[in-house]
Every structure is written in C-alpha cells, then in structure tokens.
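In my numbering, the protein residues as written are 6 to 740.
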C-alpha cells in the first residue's frame, strides 16, 4: 500500500488515505458503514491471532508449537480415497511457503480446498501450529492462519517478520471477500501513522482516578497490542468511553426533559380509588408488587416527575401495579393514560381495565370514566373522546400512538404508563411533556411516567439501557401459576405433529383453546417458512374441518382483527392462527396450547412472550416449538430454542440472549437512536456500568448543562455520539 505521509483528522473521509479511491471507499461504506477515519478506527478487531515467537525454519523443534511466516509459492490439491477405518475420502490441499531466508516449508489442510483460492501465490501469511516432519520436509498440518498481505502491495516476508518481532498479537477484523482482514489492517496502520496524538475527551483527573489509559494510547493499542495485558487495558478504556458517554447522555436528557417543569401537586384527595381497587382484588398483592407500589408512591409524591421502568416476567402482575398507579393519579384529581404498541393490545387492555375496575363502577354515574383511542376509532367517537379528555370528564384513556397526535390534549394529565417501551423508542416519551403544557404560558407540569416491559432485561443491561429511568423489578409470580411445559420438535420427529393435532382436539373438547403462530403472513421463495394464511387454510380444511379456526395478522383491517380475536376469546373459534400480533398482552384464560411454527425465526424474547399467552387461567399449559422444518437449523438458533425449552424463567433467558447476541443488538431493539456498545460487555463490565452511572450523576449534579469549560469536551463527545439519533437531543444543541 502507498505509505506516503499525509496529515489526517478523525473527521476526514477515508478517501484522504493514500490508495483509497471512490471505489474502495464505496465498498467500505457498503460493507461496514465506514465513511470517515474515525469510522475506520472504530471498526475494532473481532479477535486477535497470537503469533507467539516467530521462528526461522532452522530454529524450529520438531513436535513443538511454532509460528512460521512466509510467502505462498504454490498449491497442489488431491483426493485421498477411503482407507482402513476411515470410511470417507479426504480432500487434501498442500501449499509450499518460502521464508525470507529462502527456506521452504509445507502447510497441509484437510477438506479445506478453499484455502488455495483465499491464499493464492504471493500471499504473505503467518502459520501457527505443531511442526512435524513428513518425507524429509517440515510441515504444519491444519495450522491457524493470519494473512498479512500480498507481495507487490508493500508487504514481503522480511518486512512482515520484522513487524511481528514488535507485535505478537495480530488484529483480525470483520471482513468480506472483497475486503479481507489484512486490507483493513493496512488501512488502519496508515491512518494511525498519519494521525497526530488524539485529544482526550476525559478530564485528566477523572481518567487517572479511574486508572484508564490515555485515549491515544488505547486506540493505537486496540489495533496493534504488544501483548494481552496491553489489549485488555486498551479495551477497558474504550469500553469505559462507550458506557460513560451513554450514561452522560441518558441522564443529561432526563434532566432536560424535567427542566422548566415542576412535578405535579400529588397531595391525595378523598376519592380513594387506588385503595378500593386493591381491596376489591380476589387475591392479595405479591411481596414484589407491594415493594413496587412503595417505590411508585415515593415517586408520585416527589417534587420532580417520575421516570421509572417496571420490568417483570410474563404473568408477574405488572397490570395490577399499573392500574394502581393510574388510579393514584385519579385520586389526586388528575387523568391517566396507558399507551400500548398495537390496536389488538389497546382493545385487550381496555377490556382488562373494565373487568378489573368493575367492582368500583366504570362508565356509570359517579364511576370511573374509561375509553380507548386508536387510529381506527370512528370520527364521532374520537371527537367525543377528545372533548372529554380536554374537559376532564375522562379519567383513564388507553391508546396507541394515536394518543401522541397533535389534536390530543388533556385537562390535567397526571400519569402516563407506557407498555412495552421497546416498541416506542424514546422520542414518544418526549412528546408526552407537551400534552400537559398549559396554554396560558405558566410553568408547565410534566406527567409522571411509568414504563412497563414484559421483556426481562438483565439488571446490568437495564441500568445501561435505561440510564434515564429508575428500575423496579417484579421478581415473584402470583401463587397458583403452573410452569408451562415446552417441547422442541424437529423434522426427525415428524410423527409427533400428528400426535399434537390429536391433543389439540382433546383440549378443545374439554373447553380449552390453542394458538398457532407463524413467522410470516404469506409464504415466499425468498423467506422459506410457514405463512399464516396457508396454515389457516390447511388447519381449517384438512386437519380441523369440524372446528372453527380463526385467522389474525397485521394486514387485516382493524375490524377483521377484532372479529377474529372476539371469536377466539368467546370460544366461537377454538383455534387461532396468527402472526406475532398476539405477542404481548393478549389474555385468553382458556388458551392452553401455543404452537410456534418455524420457531428458529424468532428470538428468545419473542418466543418467551408468545409462550406467555397461555397458562393464564390456571392448570397445565403447553408450548410446542417446531424448528428446522423450512430451513436449516443453525447452532445459535438451536441454542436459543433449547434454552427456551429448558426454562420458563424470563430473566435466565434474558441472560442467555445477552450472551448469544451481545448488548449491541438488544440495545438497538430497546432504544433506537442510542450509541452502539461495541467493546463494552455489560455482563462482564459490571464495575464499569456502575462506575459510569455514578460518575455521570455526580458530574451532572455539579454542572447540569455541562456548560463549564472543564466539561466542554464531555459535552462535545456526548453530542457527537448521539448525533442524528435521539430527537430529544435537538434541544441540547442550543443549550
């Protein structure tokens, strides 16, 4: 590669690097989103090749592990027929490699003929393995390989060996066929050579107190560590940066949301709806529910608005806590809103509220006034609801995103409960502030916000993910709920499908019902898997022609969806074929069987949520996962499915999900617009999560706007990392 000296900055386009033209820049962007020098340096190694001591052939001990480096001369491939106990033929690929000294050794790979095409003659590579002698030649069989470059591109065996004398750990990058790891390695080297020392955004006193390396050292070491301690200390510094900037941003945003607002005057009035509600329940609250209500009572009485996350496993009783919270607002003469992600869930919650509050009187004279507002609400009904919200006649409103529309105004919005936060994202929470802003220009009040999720989140991740929320966990299930029996059925157990269909018929005869969930509305060649439409036809005409089989999916009109759900709820339909529109909140106590087709296409959280739709009426319930019937079952998918089959503990499953997928993907799902976690591992970096959360709070207590000159770099870094992501931060740009 062209090594001309250039002067770079982190914000320069990658085309500023010697040898990077528009074509290569386009490939970097398309494959990895690398547009700038900063993007390139934040494309961190996915692993490291430990070269150990790089030896010359004359120094090698036969039978000992060694790393040999050289230029590939040529390849030969041949097929070895079965022999003796070996029943299969072997494909053998042998490459001759020449060291800088001129000595030649052989590398051998079994059933990996592709090695010849990925390391053509002229490739310079390091080969690590055990050295053996075969027919007078020294040979490495199935060695670990790290490609370092190609002859003619500025790399040869001598220069590569010299480089490895100083650097034993070789960075291995996420790569593509057109952008191999060694190419990315070359680009990173050129960039680091051309960059001046990087300015550190952490105050020196803070960095030293946390025993962190300077930023410039850490960035250079993460790409070219001298040894494992060097790599570990570099990762720790950069992981700290990810978590600290995230916590600063989240907590700063929370304070911005609360700025120029006052908490509600939460002195109770004499209505007593909340206490009457608890007294009317057919069962006492669990200990966890009681502790949650104590947390909420403190928040409701505080001078600043509440921002709390209530998380609990499926069936842990979040709805009871949420209703108590909303009634506490009504007790104070205010209104409460429950926001949900789907119309199906809005209808379900309105029915649940009406049933739970029936002993108190709903929509009757002197009773509670409850309504639902969705995009399918009729014009006349919508007009009536909006009027009653504005006059204060309505106490409780359940709705979808329709509650955020411009025309929706409240007389006095006291509490907002948001169900399934990851379906909304953070920007909708920001809009809630406007709903209670008075028209006359007086100091606005901000409603108390309770975010509920039935997607269990490991506490370490919850503290990271929801850094702007206080966290309460419901870690007990109400008594009497039996664990759901879960079974995994693969194509080699085809006979079990017929047995399941017979079992469904038995359950239906006993007055119970079954869900059948498919990943797609319709089947397609591009995405193999069962479609709900075709599966509904098959079950209704071929398997259960004497039963009523209903169908619900996202493409149906609201009226058709409601008709299908009503038929299943009342028992007119005994089997419901569905997509994931029934994933959360749908409550049919008579449903005891959940069948999930092509279960490998669902994540752990989705599978757990779907399973939670059964077992809600007491007695035994069952979940059956069909997997591998339409596509090959990969290792990760099988691990997910086995985990779901083995436990019904949502928090244990969340830990498994976090381990398999890492925080980055969970992060994107839960709060769109937040900076990615790439190096930080919340399960392992528990100390960093706690430290960064505490540090962020301490700094913002002293300087709520990060306006002091000592915090200018902190402010700039937070805004840079959040840039373009969270609408709430638009206000921060101007202070």
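Glycine included, every Cβ here is placed at the ideal spot set by N, Cα and C. Values in this document were obtained by computation on a predicted structure and should not be read as measured data.
Sequence-distant residues of the same chain with beta carbon closer than 7 Å to residue i, five excluded per side
| i | result |
| --- | --- |
| residue 32 | 183 and 184 |
| residue 51 | 177, 178 and 179 |
| residue 635 | 533, 534, 535 and 603 |
Short Cβ contact (8 Å threshold) for residue i with residue j
| i | j | result |
| --- | --- | --- |
| residue 103 | residue 127 | no |
| residue 247 | residue 685 | yes |
| residue 528 | residue 539 | yes |
| residue 629 | residue 494 | yes |
| residue 403 | residue 345 | yes |
| residue 523 | residue 504 | no |
| residue 532 | residue 555 | no |
| residue 631 | residue 598 | no |
| residue 121 | residue 152 | no |
| residue 101 | residue 78 | yes |
| residue 586 | residue 559 | yes |
| residue 651 | residue 478 | no |
| residue 638 | residue 648 | no |
| residue 624 | residue 487 | yes |
| residue 394 | residue 377 | no |
Which residues DSSP lists as bridging residue i, in chain order
| i | result |
| --- | --- |
| residue 310 | Per DSSP, none; premise fails for residue 310. |
| residue 142 | 139 |
| residue 129 | 76 and 154 |
| residue 249 | Residue 249 is not bridged to any residue. |
| residue 420 | 341 and 453 |
| residue 581 | 520 and 555 |
| residue 81 | 99 |
| residue 52 | 177 |
Rounded C-alpha distance that separates residue i from residue j
| i | j | result |
| --- | --- | --- |
| residue 457 | residue 324 | 9 Å |
| residue 720 | residue 704 | 11 Å |
| residue 462 | residue 645 | 16 Å |
| residue 642 | residue 232 | 35 Å |
| residue 707 | residue 413 | 38 Å |
| residue 604 | residue 612 | 8 Å |
| residue 671 | residue 610 | Model confidence at residue 671 stands at a pLDDT of 48, short of 50, so the residue's coordinates are unreliable; what they give is reported in the following sentence. Cα to Cα, residue 671 sits roughly 10 Å from residue 610. |
| residue 436 | residue 409 | 7 Å |
| residue 282 | residue 259 | 32 Å |
| residue 584 | residue 526 | 7 Å |
| residue 217 | residue 237 | 11 Å |
| residue 285 | residue 306 | 24 Å |
| residue 257 | residue 480 | 30 Å |
| residue 189 | residue 29 | 11 Å |
| residue 549 | residue 543 | 9 Å |
| residue 125 | residue 110 | 16 Å |
| residue 299 | residue 330 | 11 Å |
Same chain, Cβ closer than 8 Å to residue i, five either side skipped, listed in chain order
| i | result |
| --- | --- |
| residue 149 | 54, 132, 133 and 134 |
| residue 39 | 19, 33, 45 and 48 |
| residue 26 | 20 |
| residue 512 | 518, 519, 597 and 598 |
| residue 82 | 96, 97, 98, 99, 118 and 121 |
| residue 372 | 365 and 366 |
Nearest to residue i (by Cα), restricted to the options the options
| i | options | result |
| --- | --- | --- |
| residue 621 | 112, 86, 520 and 320 | 320 |
| residue 240 | 693, 722 and 97 | 693 |
| residue 689 | 14, 663 and 46 | 663 |
| residue 440 | 390, 362, 342 and 88 | 342 |
| residue 396 | 228, 219, 339 and 67 | 339 |
| residue 17 | 254, 29, 42 and 30 | 42 |
| residue 562 | 12, 348 and 408 | 348 |
| residue 381 | 711, 299 and 352 | 352 |
| residue 142 | 196, 220, 63 and 373 | 63 |
| residue 196 | 220, 217 and 224 | 224 |
| residue 117 | 80, 108 and 199 | 80 |
| residue 67 | 572, 139, 115 and 261 | 139 |
Chain-order list of residues whose beta-carbon lies under 6 Å from that of residue i (same chain, five-residue window excluded)
| i | result |
| --- | --- |
| residue 119 | none |
| residue 673 | No answer about residue 673 holds up, because its pLDDT of 44 lies below 50 and its placement is not dependable. |
| residue 252 | 472, 697, 698 and 701 |
| residue 206 | 718 and 722 |
| residue 36 | 181 and 184 |
| residue 71 | 60, 65 and 136 |
| residue 146 | 113 |
| residue 106 | 61 |
| residue 242 | 217, 218 and 223 |
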